[in-house]
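Chains as they are written, first to last, in the working numbering: chain B, 3 to 641; chain F, 3 to 641. The beta carbon of each residue, even a glycine, is placed where N, CA and C say it ideally should be. Note that the structure is a prediction, hence the values are computed from the model and not measured.
If you want it as structure tokens, here you go:
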């Protein structure tokens with residue numbers, strides 16, 4: 003069996019990156035290079051998105067010099083993504099595509115390097131490949147700065163953040179100590195950690211026998227009590243003259259809501275500036291009149307490769323090479339975990355855990371790691387954390403800077419066409435050109451357009467149980483509840499005729515419908531917002547003519563039919579809508595602004611959390627063709 | 003001459019600290035130790051504040067091991083301060099005290115290590131010592147991360163921040179590069195630099211031949227133009243997929259106001275959360291719909307000793323030892339500067355510059371250092387910056403952390419009593435106990451209480467030119483302008499009878515008066531705010547009795563006279579004020595809330611910028627004696 007015919011390995015990076023994820027990559031490449039049973043070593047560009055796009059690097063012939071340099075870079079040198087695969091029972095389109103790509107490139111080992119979501123993705127892919135009898139060893143390689151993965155003593159990437167936070171807390175506390183007389187008395191340091199307090203906890207390591215570091219830690223596990231907190235700050239400042247407060251971004255109020263969300267939204271629903279660190283700082287300045295400074299380390303903490311923990315690098319490399327070994331042993335649906343086998347001295351080894359166990363488990367700080375008062379760590383926690391931050395391995399410096407690089411890897415030749423099927427939502431006020439653009443898209447990409455109103459009427463007539471329910475509301479002249487609309491829509495969308503994709507037109511129309519759609523697991527790839535001014539809408543709708551049977555829309559000024567008054571294709575007469583009068587248009591615009599426009603922010607937030615969906619806001623005032631071209635470009639960017 | 007009789011040296015640290023200021027301290031201690039003409043080596047605790055308090059360390063017998071450890075710590079190991087000395091022509095109290103302390107400890111060499119304000123302080127002290135014929139060599143040792151000191155090629159401390167910012171920009175850009183597909187596209191990094199863009203500029207060093215770092219820099223020297231900026235961000239994201247924005251905290255709008263101040267105050271006058279980084283981030287998310295992340299490095303950037311530039315450390319040590327050498331050569335009123343003597347290879351030396359030249363000069367970025375578009379640096383700037391960040395000198399690590407320490411130095415035995423004379427302002431609504439507490443303080447500390455109303459009446463009667471002006475307003479029944487009141491008050495306060503300190507009672511009464519007082523250079527040491535609820539005021543004032551001739555205040559419930567209705571000391575009858583009726587009291591409280599209460603925030607801001615003033619907010623609901631004890635404790639903390 004020649005190398006090109008033997009089974010190939012694909013590695014990919016996913017989720018928020020760490021400063022040592024590339025050490026894992028290095029180990030994977032090195033270990034795979036040693037294994038004769040592995041043909042080519044591939045890596046997807048930007049995680050699973052790259053697989054879906056068949057956008058893959060061939061790393062088989064990288065020099066050892068380049069491999070070493072990869073291991074020194076922070077970030078993910080192959081690109082990461084936040085792409086969630088839906089349940090394959092209902093949405094198998096992406097899964098089929100993955101197997102197509104794997105098959106096209108003879109990939110039978112898939113190593114996915116990420117956190118909890120990626121573990122879930124790995125598990126689903128492994129199960130799906132099994133069900134389709136495709137021989138695929140899926141191994142999940144853990145990585146997360148949050149350290150919240152279950153069934154592993156720690157997650158590679160965390161220890162380096164812990165070291166960064168401990169060193170930074172020492173350094174900033176020494177700065178604060180020198181400034182506190184008459185000036186800054188409290189330094190607030192915001193660190194990551196949405197649900198688990200591991201990162202914040204590591205600030206506790208700043209307190210050593212040589213370093214007196216007055217410190218308060220705010221954990222997401224302990225509901226924030228401002229009275230008790232301010233009392234603690236006050237007593238620490240009275241005792242030491244100053245205090246450092248290390249706050250996890252995810253702390254919650256007593257009522258269980260995120261402090262960040264709770265306090266950063268003003269009465270108009272606008273988001274206010276600043277994270278939870280600024281809030282804590284403001285609280286202290288207002289209530290205690292102590293001057294404070296605030297730092298928010300954000301990416302700094304997880305990108306500071308120059309301060310990485312050597313122990314972390316060793317972990318990161320070990321899980322990488324163990325994953326390769328597990329894959330060639332045909333292990334399937336496993337995660338490589340780190341097991342602590344000794345404390346003094348610290349000892350550890352890797353082992354395999356079934357991904358089934360891990361999915362959707364989150365490892366918070368155990369109770370005995372947080373002290374009774376809730377503002378510091380215990381000896382047990384210190385004993386757990388301290389071994390993890392041991393050792394340094396800064397990249398060599400050249401010309402004053404670490405030897406970091408931008409890489410350009412050889413790209414694998416594509417063997418497949420683009421993935422097809424797009425699920426598109428158009429959001430726009432009346433008269434923005436939604437209908438026109440939908441029609442163009444349907445034709446161009448062979449999509450089905452779904453008009454919600456038509457569908458409801460059809461369902462009501464069908465005599466189905468849903469239809470009967472629907473009819474009872476309609477007959478009483480009551481509003482059809484969102485829930486029922488969603489049921490009908492999601493039932494409709496699961497039909498085969500939509501397998502090549504669809505355009506939702508005029509639905510969801512409210513925030514409640516948008517949320518319900520999401521809860522029903524109805525996937526969308528692209529949300530396109532068309533923006534137009536009210537003046538333009540008034541101008542446009544006045545001249546709008548429609549061919550009722552086909553739904554084709556014309557405009558006396560912007561898109562006139564060949565023969566004025568008649569449809570281009572059928573030559574049938576055009577009609578004008580009765581609700582295209584100025585007063586009615588204004589009323590429709592107001593309803594849009596109030597009920598529909600808010601779904602744009604909703605989808606914006608969703609897109610920020612998920613790569614598999616994107617939102618694009620276009621200027622609908624431009625020419626029909628210009629807008630259409632822009633939409634085409636957007637569609638081309640979908641994996 | 004024995005060591006104790008020979009002339010001693012005092013070193014002190016001032017202003018915002020740097021990660022290498024202790025290298026200067028190390029060099030001063032080492033160099034002074036070598037010089038036979040120097041007796042003891044002293045260091046003030048928290049800069050000039052420590053000198054005023056006679057709070058001094060004796061460093062003469064530190065071991066070399068401890069001296070080495072000092073040089074490795076970030077922050078200022080001897081404590082810093084932000085204490086501005088006023089013009090000695092009008093306010094010689096502090097200057098006399100300094101000479102008293104110098105004289106008491108035979109100090110004739112004073113090395114002050116700080117930025118622009120400390121250069122000014124050093125110059126004033128040097129001039130004052132000359133005028134008093136006290137033999138004192140004052141040498142200013144430069145230090146400032148802002149790099150804005152004139153007459154020196156660079157300021158020690160800056161280069162390490164430049165290195166930190168360049169490395170951090172590389173690291174976070176690599177993180178961003180891996181996340182940008184479908185997720186974060188812009189990383190906003192807020193760095194220090196109120197007026198000068200040197201720190202922000204150093205992000206430009208992140209762009210190297212090995213590192214493609216799409217970058218936009220926002221300098222305080224270039225007024226922020228949001229249209230042009232958003233266009234630039236958009237074009238960078240379109241070209242590269244992502245972009246890093248490094249923003250100086252001090253960027254200004256086109257109208258010249260600070261972006262921070264301009265946009266962080268809402269319509270109610272409340273300060274909003276977050277710095278300029280959050281603002282920029284919000285602007286990008288709102289206008290361009292790109293997801294962004296924001297970091298604010300604050301103290302992190304100037305405390306990261308583990309990433310210090312070796313060149314910076316060499317500069318910091320060189321200026322320290324040069325200062326000692328200059329002092330023993332009896333140089334007076336000089337600053338040690340760094341002069342660049344060669345470019346390729348980089349060469350430099352120290353030289354002395356007269357402090358007279360330096361005072362109040364600020365070195366901004368030259369025009370040819372910022373590129374034409376205004377969002378990047380030029381080759382000239384790169385050539386200037388690059389030599390400064392060369393070389394690394396991390397402290398050794400032990401147990402996973404740098405070898406930082408908390409120090410405890412031997413304290414010099416005091417030879418003087420406490421400095422006397424306090425200038426106190428009491429701010430409180432009517433009935434809070436202001437009069438009572440003023441009376442106690444006047445007695446305890448031999449202070450003069452000044453009632454503004456009495457003073458105006460006296461001046462009007464005096465026939466002086468001010469008095470005549472005053473009379474003309476009074477006779478016409480018009481409000482006396484704030485300006486006139488301030489003139490009379492500042493003239494009064496310059497009288498000898500107030501040299502032991504005073505308490506301002508009922509003045510300033512408005513924000514305008516407070517500002518005018520500050521502009522007239524009238525110093526205050528302590529502002530005491532007494533807080534009480536309206537209900538308490540109503541309760542208290544109802545039972546208030548006054549001894550008119552002395553001003554002594556009694557209360558039937560809280561502070562009854564020995565004989566009801568009669569003064570304790572004179573036994574004269576007590577009277578009740580006519581405006582102590584509920585309706586009048588409510589009206590007075592409303593006026594206080596509207597006109598006087600805002601001065602508390604004003605002074606809070608002033609105090610945050612100046613160590614020589616402090617504001618204390620006390621609960622006026624407590625017992626008279628409890629409040630008096632708290633005030634006594636506050637007074638004890640004044641230098």
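Rounded to the nearest angstrom, what separates residue i and residue j at their Cα positions?
i, j, result
"residue 439 of chain B", "residue 630 of chain B", "6 Å"
"residue 404 of chain B", "residue 136 of chain F", "52 Å"
"residue 247 of chain F", "residue 376 of chain F", "13 Å"
"residue 614 of chain B", "residue 222 of chain B", "28 Å"
"residue 126 of chain B", "residue 150 of chain B", "20 Å"
"residue 8 of chain F", "residue 182 of chain B", "34 Å"
"residue 434 of chain F", "residue 589 of chain F", "15 Å"
"residue 418 of chain F", "residue 424 of chain F", "17 Å"
"residue 191 of chain B", "residue 218 of chain B", "10 Å"
"residue 388 of chain B", "residue 116 of chain B", "24 Å"
"residue 118 of chain F", "residue 128 of chain F", "15 Å"
"residue 112 of chain B", "residue 407 of chain B", "26 Å"
"residue 243 of chain B", "residue 516 of chain F", "29 Å"
"residue 147 of chain F", "residue 356 of chain F", "22 Å"
"residue 529 of chain B", "residue 605 of chain B", "8 Å"
Using the rule of at least 16 other Cβ atoms within 10 Å of the residue's Cβ for burial, across every protein chain shown, is residue i buried or exposed?
i, result
"residue 364 of chain F", "exposed"
"residue 633 of chain F", "buried"
"residue 336 of chain B", "buried"
"residue 455 of chain F", "exposed"
"residue 508 of chain F", "buried"
"residue 549 of chain F", "buried"
"residue 460 of chain B", "exposed"
"residue 275 of chain B", "Annotation note: pLDDT 42 at residue 275 of chain B (below 50); position unreliable, coordinate value reported separately. Buried: at least 16 other Cβ atoms inside 10 Å."
"residue 420 of chain B", "exposed"
The alpha helix (DSSP H) spanning residue i covers which residue range?
i, result
"residue 238 of chain F", "228-242"
"residue 133 of chain B", "118-133"
"residue 444 of chain B", "436-447"
Considering only residues of the same chain and omitting the five flanking positions on each side of residue i, which have a CB-CB separation below 6 Å?
i, result
"residue 80 of chain F", "15 and 45"
"residue 272 of chain B", "With a pLDDT of only 39 at residue 272 of chain B, under the threshold of 50, the placement of this residue in the model should not be trusted, and no figure is reported."
"residue 324 of chain B", "338 and 352"
"residue 69 of chain B", "28 and 31"
With respect to the beta strand (DSSP E) encompassing residue i, which residues constitute its N-terminal and C-terminal limits?
i, result
"residue 353 of chain F", "349-356"
"residue 563 of chain B", "Note, residue 563 of chain B: premise wrong, no beta strand (DSSP E); not H, not E."
"residue 15 of chain B", "10-15"
"residue 450 of chain B", "450-453"
"residue 336 of chain B", "336-344"
Apart from the five residues on each side of it in sequence, which residues of its chain come closer than 7 Å, Cβ to Cβ, to residue i?
i, result
"residue 22 of chain F", "158, 159, 162, 310, 314, 315 and 318"
"residue 265 of chain F", "Reliability of the predicted coordinates at residue 265 of chain F is poor, the pLDDT of 42 falling under 50, and the value obtained from them is presented with this limitation in mind. 281."
"residue 60 of chain B", "42, 44, 412 and 414"
Any heavy atom of the ligand GTP closer than 8 Å to the beta-carbon of residue i?
i, result
"residue 618 of chain B", "This structure lacks the ligand GTP; in fact it carries no ligand of any kind."
Leaving aside the five residues before and after residue i along the sequence, list all residues of the same chain whose C-beta is less than 8 Å from its C-beta, in chain order.
i, result
"residue 482 of chain B", "458, 472, 475 and 476"
"residue 410 of chain F", "none"
Give, in chain order, every unbroken run of the beta strand (DSSP E) that is at least 3 residues long and sits entirely within the stretch 492-546 of chain B. 503-507 and 528-533
Can you give, in chain order, each stretch of the alpha helix (DSSP H) that sits fully within the stretch 32-108 of chain B and has at least 4 residues? 49-55, 66-74 and 95-106
Chain D contacts made by the stretch 12-44 of chain B, where a contact means CB separation under 8 Å: Any reference to chain D falls outside this structure, whose protein chains are B and F.
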